[in-house]
Structure formats: structure tokens, C-alpha cells
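This is how it looks when you write it as C-alpha cells:
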């Protein structure tokens, strides 16, 4: 796990917020853990099946849930004093636009080089190679953000059997497009051989955190 605690940081900001927006809330799992919300709370989600899940979880907490991606936000300018985003792409300009003056944007992101050794093994290139801390920080500064905190982190994801890798790739299908045991059996056999030689399979997790003020 990274040296920071995204939920703890977000919870402290929520306590001081009069109007908070969670961008790409997923099923609302993380955002719901930040309750209670002292002021207005809104969540947006671009993946349609997740919208109903998020509404079921967040509506009882007083959160309005809208179907919308993080690239174009359905709000006027200067609407929120806090915007949160965890593990999803976003438009720096849109976040800046909907934030009030001196408002805060807090995000934890998956680096574009995440699990690069695993992708290499399956002969897959990273889909978002430019999505790293330095590039995101630069784009945020270009639209006017003042970066108050920025950190990068790398750690190890360890698998003790190939079945766990199969489960992982089925649960996160965007890592290896079209993955199945049958179509990728030879790759899995090579992983098994590596596991038997080394006793474990390790790949690099990469995350970064940015806290910025308008």
C-alpha cells in the first residue's frame, strides 16, 4: 500500500466541505465510506451499469448521483469547494472550471506503467503510458492549479499461484484485452514455469497522489 491513505485524506477534506463532487464514483464504495457529508454531496459515474449501484448505496446518505463521465461535467462553474477522483481519467480543465476559488482537488491515480511486467509477459503494451505524475502535474499547472502535495509510489503485487493471476485478469479485463485461459494458455504455462523456478510471481504496482488548489 502507498505511504499515504487516500480515504483518510479525503475524509478530512469532506468534513470541511460545503459542496463536494466525487468524479467516477464507480459503485460508490469509496465515497460512501467518507460519510457523513456536512453539505451538498454529488457523485458522477460514466459506466452506466454502475450508476444504479451507486444510487442504491449513496442516495440514503444524501448524495445525488448522476450519469456522466469525468471529461465533461454537467455543472456550472465555481460550484464545488472539493472535487475527489480515485483511479479514473479526468479533464484538468473541467475540474478547474467546476471548482470554486481556493477549492481543492484530491486524486489518487493508477500510473500508466502499472503492472508493466505482467503486460510484457502477455506481449501487451500499456494503454495509457503518458498517464504519470509528472505529466498530470504539468497539465494541472497549465490550467491554473497550485499543487500543494504530489507523491509517487511503487510497490509489489505478489501472486502465489497462476490461478490467482487468471482471477485478477478476468476481474480487470482492460489489462489484457480478450483474455481467457484458452486463448492465453501458452502465456499461463510460462508463468507456471516461472513460478516453479522462483516460488512467486511479482509485478509492480504504481500509484500517484495529487492535492491541488484553485
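Numbering (this note's numbering), first residue to last: 12 to 225.
We treat Cβ as the ideally placed atom computed from N, Cα and C, and that holds for glycine.
Span of the alpha helix (DSSP H) around residue i
{"i": "residue 106", "result": "103-109"}
{"i": "residue 146", "result": "144-154"}
{"i": "residue 41", "result": "40-43"}
Residue i (DSSP reduced to helix, strand or coil)
{"i": "residue 25", "result": "helix"}
{"i": "residue 61", "result": "helix"}
{"i": "residue 131", "result": "helix"}
{"i": "residue 118", "result": "strand"}
{"i": "residue 205", "result": "helix"}
{"i": "residue 19", "result": "helix"}
{"i": "residue 170", "result": "strand"}
{"i": "residue 196", "result": "helix"}
{"i": "residue 67", "result": "helix"}
One or two residues paired with residue i in a DSSP bridge
{"i": "residue 51", "result": "30"}
{"i": "residue 157", "result": "224"}
{"i": "residue 94", "result": "32, 116"}
{"i": "residue 164", "result": "218"}
{"i": "residue 76", "result": "54"}
Start-to-end residues for the beta strand (DSSP E) that takes in residue i
{"i": "residue 174", "result": "Counting along the chain, residue 174 falls outside any beta strand (DSSP E), though it belongs to the alpha helix (DSSP H) covering 173-182."}
{"i": "residue 213", "result": "212-224"}
Residue i vs residue j beta-carbon contact at 8 Å
{"i": "residue 48", "j": "residue 25", "result": "yes"}
{"i": "residue 53", "j": "residue 75", "result": "yes"}
{"i": "residue 177", "j": "residue 206", "result": "no"}
{"i": "residue 122", "j": "residue 218", "result": "yes"}
{"i": "residue 78", "j": "residue 64", "result": "no"}
Residue closest to residue i, alpha-carbon to alpha-carbon, out of the options
{"i": "residue 131", "options": "46, 214, 29", "result": "214"}
{"i": "residue 29", "options": "209, 51, 143", "result": "51"}
{"i": "residue 89", "options": "100, 78, 111", "result": "111"}
{"i": "residue 170", "options": "143, 138, 203, 152", "result": "203"}
{"i": "residue 212", "options": "42, 109, 128", "result": "128"}
{"i": "residue 224", "options": "155, 209, 183, 166", "result": "155"}
{"i": "residue 85", "options": "120, 92, 57", "result": "57"}
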